[in-house]
Amino acid sequence: MSPSISVSLGQVAAALALVALAAGISFWRRTDLERDIVVATVRSFVQLTAIGYAIKLIFEADTIWLVVALLSVMVLFGALTARSRAKKVPGAFWPLLIGLAIAAASTLGLVVALGIFEATPRYLVPVGGMMIGNAMTASAVALNRLGDEVTDSRAAIEATLSLGATAREAAAPFVRRALRSGTITLVDSTKTTGLIFFPGTMVGMLLAGAEPTDAVRLQLILLYLLLGSTAIAALVATGLAYRNFFTSAQQLRELG
Amino acid sequence: MRTVRDHAAVLFELRDVSLARGDRLVLDSVNVEIHGGATAIVGLSGSGKSTLLRLLNRLADPDTGVISYRGKPLDEYDPLVLRREVSLVPQLPSLLKGTVESNLRYAAELAGKELDVARCLGHAGLDPGFAERDVSKLSVGEQQRAMLARALAQDPQVLLLDEPTSALDHDARDAIEATLASLRAELDISLILVSHDPEQARRLAERAVRLKAGRVAACGSLEEALA
Numbered sequence: 396m397s398p399s400i401s402v403s404l405g406q407v408a409a410a411l412a413l414v415a416l417a418a419g420i421s422f423w424r425r426t427d428l429e430r431d432i433v434v435a436t437v438r439s440f441v442q443l444t445a446i447g448y449a450i451k452l453i454f455e456a457d458t459i460w461l462v463v464a465l466l467s468v469m470v471l472f473g474a475l476t477a478r479s480r481a482k483k484v485p486g487a488f489w490p491l492l493i494g495l496a497i498a499a500a501s502t503l504g505l506v507v508a509l510g511i512f513e514a515t516p517r518y519l520v521p522v523g524g525m526m527i528g529n530a531m532t533a534s535a536v537a538l539n540r541l542g543d544e545v546t547d548s549r550a551a552i553e554a555t556l557s558l559g560a561t562a563r564e565a566a567a568p569f570v571r572r573a574l575r576s577g578t579i580t581l582v583d584s585t586k587t588t589g590l591i592f593f594p595g596t597m598v599g600m601l602l603a604g605a606e607p608t609d610a611v612r613l614q615l616i617l618l619y620l621l622l623g624s625t626a627i628a629a630l631v632a633t634g635l636a637y638r639n640f641f642t643s644a645q646q647l648r649e650l651g
Numbered sequence: 010m011r012t013v014r015d016h017a018a019v020l021f022e023l024r025d026v027s028l029a030r031g032d033r034l035v036l037d038s039v040n041v042e043i044h045g046g047a048t049a050i051v052g053l054s055g056s057g058k059s060t061l062l063r064l065l066n067r068l069a070d071p072d073t074g075v076i077s078y079r080g081k082p083l084d085e086y087d088p089l090v091l092r093r094e095v096s097l098v099p100q101l102p103s104l105l106k107g108t109v110e111s112n113l114r115y116a117a118e119l120a121g122k123e124l125d126v127a128r129c130l131g132h133a134g135l136d137p138g139f140a141e142r143d144v145s146k147l148s149v150g151e152q153q154r155a156m157l158a159r160a161l162a163q164d165p166q167v168l169l170l171d172e173p174t175s176a177l178d179h180d181a182r183d184a185i186e187a188t189l190a191s192l193r194a195e196l197d198i199s200l201i202l203v204s205h206d207p208e209q210a211r212r213l214a215e216r217a218v219r220l221k222a223g224r225v226a227a228c229g230s231l232e233e234a235l236a
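If you're matching them up, the sequences are chains A and B in order. If you read the first sequence in the numbering used here, its first letter stands for residue 396, the second for the next number, and so on. If you read the second sequence in the numbering used here, its first letter stands for residue 10, the second for the next number, and so on.
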């Protein structure tokens, strides 16, 4: 699709000047973030280098099973990470895991079935990683909101249950608000894309020398995929997780 | 046509009912019968009154013991059907967003009942003009009446009222009490009322259960229970 460019370690090292600038600003304005900036820089270097070599191996092996294994690990770690943002939701891990898995499988399956991308590691690994990462953020935000909503609205939920409403009916307004908060960030950024910011894929392709129209088309495909995958992940995660607040007798559980 | 019920009949029977929250025993081996008509559950704050009320329509279940309604254990009822027949009006008003009428309609549809808005509002002491009012624009007293009207939209047989006047001033309290008294006169409905005020129990009920630290201290007629 585009000619590749090579980046030397020296160029990466030179970019550390900006990190030093960020650390200097933190020190000067006493925001106390110098240590975090150093940790973030080291972690990004180690993690991206490691995943770079892993992807290189997967590309060379050229087998779909390694792709499935890598994406499965991403889904697992995505669910674990998102769970830590949804502490008020009991048993949040499984809804998150199932939501991420369905989002990744359905969106990747669709783009392959529609012939948008070939079912090869070169496409599935980066696209899948992007889907899972964004779906993780969306479902973590959604479940975090769901936990806050249910905790703060116990009286309203029990008042509705008292009328003989099911748990699903009593929780519906709160599930709806949680789903909305999980997906609205991406919807808003999609609205403003190209106007006030250039998305990463497009920037990367332009830097790599691709035709601007190619860069735009690929970016559009990815944006639409992200919208679909975040919506699916947040929908499944909230749709499963709200049940954990209730007993089989349609009672709101006492938590904490 | 509604069947006129025998108000002396036992509605609820609690046998060895206990419930703990954390390491605190909120209800401790409660044994009591609650009859039809109007019964007040009285006691100091923290004595377990509201918790007991919540058990009666299965918003919660006891840790041990059995609660029966009309001779049948509560867990043999479908909780959704039970809650439409034994309706709880919580201490603080909590209406759904929208108008008073939309709240009444929601409740009636859940119970599969025809809705007569003016009748429900009238029984709750509200004139028909309240139907179109947005619930967020109502005073606390008006919201409490709208909660009552919403419960009545389900045509319940038992109303569980959790401190229905605790958030109100004296005038609003008197008005709600008058509404509850006329409700009993006009409808064949039983009331179980939680109150921290023994005088309110005397005004509204003919029987009482007095709780003390999660145990039944006395029960029976007002004279026996409130002595």
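Just so you know, even glycine gets a beta-carbon here, dropped at the ideal spot from N, CA and C. As the structure is a prediction and not an experimental result, all values here were calculated from the model.
Residue i touches chain A at which residues, Cβ-Cβ below 9 Å?
i	result
B/D70	T642, A644 and Q646
B/R252	Residue 252 of chain B cannot be examined here, being either before or after the span of chain B that is shown, 10 to 236.
Under a three-way DSSP split, which group does residue i fall into?
i	result
B/H44	strand
B/L177	coil
B/M10	Here B/M10 scores only 39 on pLDDT, less than 50, and its place in the model should not be relied on; the value that follows carries that caveat. DSSP places B/M10 in coil when its eight states are reduced to three.
B/Y78	strand
B/D87	coil
A/V484	coil
B/T73	strand
B/E186	helix
A/S397	Only weak support exists for where A/S397 lies, its pLDDT of 44 falling under 50; the value from the coordinates is given anyway. Three-state DSSP puts A/S397 in coil, outside helix and strand.
B/R142	coil
A/T377	No statement about residue 377 of chain A is possible, as the shown extent of chain A runs from 396 to 651 and does not include it.
A/E429	helix
B/E22	strand
B/D15	In this predicted model, B/D15 has a pLDDT of only 49, less than 50, meaning its place in the structure is not dependable enough to derive any value.
B/R211	helix
B/S38	strand
A/F512	coil
B/R67	coil
B/Q163	coil
A/A474	helix
A/V520	helix
A/V402	coil
A/L538	helix
So who's on the other strand from residue i, going by DSSP bridges?
i	result
B/S240	The displayed coordinates of chain B run from 10 to 236. Any statement about residue 240 of chain B would go beyond what the structure contains.
B/A217	B/A49 and B/G229
B/E195	Answer is none; B/E195 lacks a bridge partner.
B/S27	B/T73
B/L168	B/S96 and B/L200
A/L647	A/F641
B/R224	B/K221
B/R33	B/R30
Would residue i be called buried (16 or more neighbouring beta carbons within 10 Å of its own) or exposed?
i	result
A/S624	buried
A/L492	buried
A/I420	exposed
B/L7	In the structure as shown, chain B begins at 10 and stops at 236. Residue 7 of chain B is therefore absent and cannot be evaluated.
A/A508	exposed
A/E649	exposed
A/I400	exposed
B/P88	buried
A/P607	exposed
A/S439	exposed
B/S54	exposed
A/I579	exposed
A/L590	exposed
B/K81	exposed
B/K58	buried
A/F472	exposed
B/V75	exposed
B/R219	buried
A/S548	buried
B/V149	exposed
A/N539	buried
Along chain B, which residues have their Cβ under 8 Å away from the Cβ of residue i?
i	result
A/L558	R92, R93, S96, Y115, A116, L119, A120, R159, A160 and Q163
Please list the partners that residue i has in chain B, where partner means a Cβ-to-Cβ separation under 9 Å.
i	result
A/E553	R63, L68, L97, P99 and S103
Name, please, each residue of chain A whose Cβ falls closer than 8 Å to the Cβ of residue i.
i	result
B/L89	G559, A560, T561 and Q645
B/R30	E649
For a contact meaning CB atoms closer than 7 Å, what does residue i contact in chain B?
i	result
A/A550	P99, L101 and S103
Runs of 4 residues minimum, wholly inside the segment 554-618 of chain A: which ones carry the alpha helix (DSSP H) assignment? Runs found: 562-587 and 595-602.
Alpha helix (DSSP H) runs wholly inside the segment 84-135 of chain B, at least 4 long, in chain order: The alpha helix (DSSP H) runs of length 4 or more contained entirely in the segment 84-135 of chain B are, from start to end of the chain, 88-94, 109-120 and 126-132.
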